[in-house]
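Peer 1:
Numbering (my numbering), first residue to last: 2 to 518.
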């Protein structure tokens, strides 16, 4: 047997809390995919800057070619300051020579390539995150950018490519601090000079990191709220379910009388409905256990009397020599055996009623037709003795119920048997079935002594038998009316006994819901 700790540990291994957290965190992981979208955003920015650089260098080349001499250098320097570019001119006839012009020789530097080893730890962490995300998303890795040791035209692949293709060539490289550097080259029109531009697009890294920081802050807040709400939701679900599981486990261990299944009256959701259903179920089980134990005790008590009489007769039979006395003892034994047989048959019937009703397939039953057939069969078999039985047959289809025909027939037959046994010789038993609103009412009246008010509830108890004085002892087990009540209640109906409207006698009244056809 598992104990309480085993149950709780078993529930912890499959806890809903873990599942709720996992589902919500998985949904947030999709949001975290926004980090990877930033790589696409960065690529779009870089492509836009490359296109912009290509346009600018083309315009600068066109403008510079129209200005001769020293004015060309000053113009290039102004262009460099306005566009944050470093502009250089190379003589295509001397590919190994230094540039013939450098805008930084006239103006101040327009950008700075920083040494990553000299930056603070925040920048190092940011670069680490850049590398990590780039590796996860498989981002393109541009070539490394550094100023050549010998600054010549041939040391710049872009300048060499523009001479080969006779077109503007632009490319992006990555500096040591992971900032993109856009390099462009174009040959000046009607000139043997190549214009080379370099521009450090540091703001792209700044924009991407700023967006990543904002997204990270939002994600952390959302994760915190999601975890909090998940734990709150899990607490409102898991804790009551665990209480219900523990109560159900105790019921399973056979402690139904000790267990009070929580009803959770404040919960108006499905868990509250489940709790109240389990509570009602445990109460029904408890009542069924009590009824079973009471039934077993009653059966034991009822069986002891005929068994005691049978044992006494059997023991006396060996000692008696008088044939007449022996015959009397044999008659007693025969009566006791018959009494036991009737008792066991009725006990078996009573014990099967609930189970068979639960499995029965109900169908529409016309009680008028059913009762008429039952009474005709009794008349043919001569079961009514010297008592008249009258039936007020209703119109066909007016007394239709939904139920088990054989069981309902047993109810009416038990009531008719009971009425006949209490009726005087030549008396009249009246049977009627009528429609009364949403109910079908069956009445069985006799002209016997009637039932005292204080005994009208007790006669439906098991083994309660009050028989006429003229009837032989042991002919009835006291289960007939108990079986009838169980069958009627199994059809969502009711049964009671009242006084007749006129004269002495008893009237049994059954109410069953009308079948909706």
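Glycine residues also receive a C-beta, built at the ideal position from the N, C-alpha and C atoms.
All values derive from a computational prediction rather than experimental measurement.
(1) Whose CA, out of 175, 223 and 215, lies closest to the CA of residue 200?
(2) Express the C-alpha separation of residue 90 and residue 98 in angstroms, rounding to a whole number.
(3) Quick one: what does DSSP say residue 474 is sitting in, helix, strand or coil?
(4) Can at least three beta-carbon pairs, one atom from the segment 151-162 and one from the segment 180-193, be found at a separation below 8 Å?
(5) Starting from residue 232, follow the alpha helix (DSSP H) in both directions and report where the run begins and ends.
(6) Can you look up residue 9 in the DSSP assignment and give me helix, strand or coil?
(7) Roughly how many angstroms separate the alpha carbons of residue 172 and residue 235, rounded to a whole number?
(8) Using DSSP's beta-bridge definition, name the partner residues of residue 439.
(9) Are there 16 or more other CB atoms within 10 angstroms of the CB of residue 104, so buried, or fewer, so exposed?
(10) Please report the straight-line C-alpha distance between residue 289 and residue 261, rounded to a whole angstrom.
(11) Ordered along the chain, which non-local residues of its own chain (more than five positions away) have a Cβ less than 8 Å from that of residue 401?
(12) Near residue 503, which residues of its chain fall below 8 Å by C-beta distance, leaving aside the five closest residues on each side in sequence?
(13) Suppose the cutoff is 7 Å on Cβ atoms and the five residues either side in sequence are ignored; what does the same chain contact list for residue 421 look like?
(14) I'd like the ranges of any alpha helix (DSSP H) spanning at least 4 consecutive residues and lying wholly in the segment 47-126.
(15) Taking all protein chains shown into account, do 16 or more other C-beta atoms lie within 10 angstroms of the C-beta of residue 7, making it buried, or fewer, making it exposed?
(16) Hey, how far is the Cα of residue 436 from the Cα of residue 444?
(17) Is residue 80 buried or exposed, if buried means 16 or more other CB atoms sit within 10 Å of its CB?
(18) Does the distance from the C-beta atom of residue 338 to that of residue 310 stay below 8 Å?
(19) Beta-carbon separation of residue 1 and residue 88 under 8 Å?
(20) I believe residue 192 touches residue 66 by the beta-carbon criterion, under 8 Å. Please report the beta-carbon distance rounded to the nearest angstrom.
(21) Restricting to Cα atoms, I'd like to know which of 100, 498, 461 and 404 is closest to residue 155.
(22) I'd like the span of the alpha helix (DSSP H) that includes residue 416, first residue to last.
(23) At which residues does the alpha helix (DSSP H) containing residue 370 begin and terminate?
(24) Just reading off the beta strand (DSSP E) that residue 510 is part of, what are its end residues?
(25) Could you check where the beta strand (DSSP E) with residue 163 kicks off and where it finishes?
(26) Could you give the DSSP three-state label for residue 261: helix, strand or coil?
(27) Let me check understanding here. Comparing Cα to Cα, which of 510, 447, 416 and 415 lies closest to residue 427?
(28) In whole angstroms, give me the CA-to-CA distance for residue 473 and residue 307.
(29) Pull up the distance between the alpha-carbon of residue 107 and that of residue 70, whole angstroms please.
(30) Please classify residue 482 as buried or exposed, where buried requires at least 16 neighbouring CB atoms within 10 angstroms.
(31) Buried or exposed: residue 506, going by 16 or more other Cβ atoms within 10 Å of its Cβ?
(32) In or out: residue 495 buried (at least 16 other Cβ within 10 Å) or exposed?
(33) Measuring straight from C-alpha to C-alpha, what distance separates residue 61 and residue 72?
(34) With distances taken from CA atoms, which of 178, 150 and 363 is nearest residue 119?
(35) Helix, strand or coil for residue 363, going by three-state DSSP, please let me know.
Peer 2: Reading off the structure:
(1) Stepping through the chain shown from its first residue, residue 200 is reached at position 199. When the alpha-carbon of residue 200 is set against those of 175, 223 and 215, the nearest one is in 175.
(2) By 1-based counting over the chain shown, the position of residue 98 is 97. By 1-based counting over the chain shown, the position of residue 90 is 89. Going by the C-alpha atoms only, they are around 11 Å apart.
(3) Start at 1 with the first residue of the chain shown, and residue 474 comes out as number 473. Caution is warranted here: a pLDDT of 44 is assigned to residue 474, below 50, making its placement in the model unreliable, and no coordinate value can be reported.
(4) yes
(5) Counting from one through the chain shown, the residue named residue 232 turns up at place 231. 203-253 is the extent of the alpha helix (DSSP H) around residue 232.
(6) For the purposes of this step, residue 9 is taken as the residue at position 8 of the chain shown. Below a pLDDT of 50, predicted positions are generally treated as unreliable, and residue 9, at 42, falls in that range; the measurement from the model is reported next regardless. DSSP places residue 9 in helix when its eight states are reduced to three.
(7) Reading the chain shown from its first residue, position 171 is the one you call residue 172. Reading the chain shown from its first residue, position 234 is the one you call residue 235. Whole-angstrom Cα-Cα distance: 54 Å.
(8) As a first step, residue 439 must be located in the chain shown, where it is residue number 438. DSSP lists no partner for residue 439.
(9) Taking the first residue of the chain shown as 1, we reach residue 104 at position 103. Residue 104 comes out buried.
(10) Within the chain shown, the letter at position 288 stands for residue 289. Within the chain shown, the letter at position 260 stands for residue 261. If you take the alpha carbons of residue 289 and residue 261, they lie about 16 Å apart.
(11) Position 400 of the chain shown, counted from the first residue, corresponds to residue 401. For residue 401, where only same-chain residues beyond five positions count, the Cβ hits under 8 Å are 365, 366, 367, 368, 441, 515, 516 and 518.
(12) Within the chain shown, residue 503 is the residue found at index 502, counting from 1. So the list is empty, once near-sequence residues are dropped.
(13) Position 420 of the chain shown holds residue 421. So the qualifying residues of the chain are 385, 386, 388 and 430.
(14) 71-84
(15) Counted from its first residue, the chain shown places residue 7 at position 6. Confidence in residue 7 is poor, its pLDDT being 48 and thus under 50, which makes the residue's placement unreliable; the coordinate value appears in the next sentence. That one is exposed.
(16) Within the chain shown, the letter at position 435 stands for residue 436. Within the chain shown, the letter at position 443 stands for residue 444. Distance between the alpha carbons of residue 436 and residue 444: 11 Å.
(17) For the purposes of this step, residue 80 is identified with residue 79 of the chain shown, where counting begins at 1. So residue 80 counts as buried.
(18) As a first step, residue 338 must be located in the chain shown, where it is residue number 337. As a first step, residue 310 must be located in the chain shown, where it is residue number 309. For residue 338 and residue 310, no; Cβs fall outside 8 Å.
(19) Past the edges of the chain, shown from 2 to 518, lies residue 1, and the structure says nothing about it.
(20) One-based indexing of the chain shown puts residue 192 at position 191. One-based indexing of the chain shown puts residue 66 at position 65. At roughly 6 Å, the Cβ-Cβ gap stays under 8 Å, so residue 192 and residue 66 are in contact.
(21) Translated into positions along the chain shown, residue 155 becomes position 154. Here the closest residue by C-alpha is 100.
(22) For this step, residue 416 is matched to residue 415 along the chain shown. Membership of residue 416 in the alpha helix (DSSP H) is indicated by the continuous run 406-423.
(23) By one-based count along the chain shown, residue 370 stands at place 369. Counting along the chain, the unbroken alpha helix (DSSP H) around residue 370 starts and ends at 368-382.
(24) In the chain shown, residue 510 corresponds to position 509, counting from 1. From DSSP, the beta strand (DSSP E) with residue 510 extends over 507-514.
(25) In the chain shown, the residue the question calls residue 163 occupies position 162. Residue 163 -> not in any beta strand (DSSP E); alpha helix (DSSP H) instead, spanning 158-166.
(26) By 1-based counting over the chain shown, the position of residue 261 is 260. Coil at residue 261, not helix or strand.
(27) The sequence position of residue 427 within the chain shown is 426, counting from 1. It is 447.
(28) The count along the chain shown starts at 1 and reaches residue 473 at position 472. The count along the chain shown starts at 1 and reaches residue 307 at position 306. The pLDDT assigned to residue 473 is 46, lower than 50, so where the model puts this residue is not dependable; a value taken from the coordinates is nonetheless given after this. Whole-angstrom Cα-Cα distance: 14 Å.
(29) Sequence index remark: in the chain shown, residue 107 carries index 106 (1-based). Sequence index remark: in the chain shown, residue 70 carries index 69 (1-based). Going from the Cα of residue 107 to the Cα of residue 70 covers about 15 Å.
(30) On the chain shown, position 481 is the one that residue 482 refers to. Per the 10 Å Cβ criterion, buried.
(31) For the purposes of this step, residue 506 is taken as residue 505 along the chain shown, with counting starting at 1. Taking every protein chain shown into account, the CB of residue 506 has 16 or more other CB atoms within 10 angstroms, so this residue is buried.
(32) If you number the chain shown from 1, residue 495 lands on position 494. So residue 495 counts as exposed.
(33) In the chain shown, counting from the first residue as 1, residue 61 sits at position 60. In the chain shown, counting from the first residue as 1, residue 72 sits at position 71. If you take the alpha carbons of residue 61 and residue 72, they lie about 13 Å apart.
(34) By 1-based counting over the chain shown, the position of residue 119 is 118. Residue 119 has its Cα closest to that of 178, out of 178, 150 and 363.
(35) If you number the chain shown from 1, residue 363 lands on position 362. DSSP places residue 363 in coil when its eight states are reduced to three.
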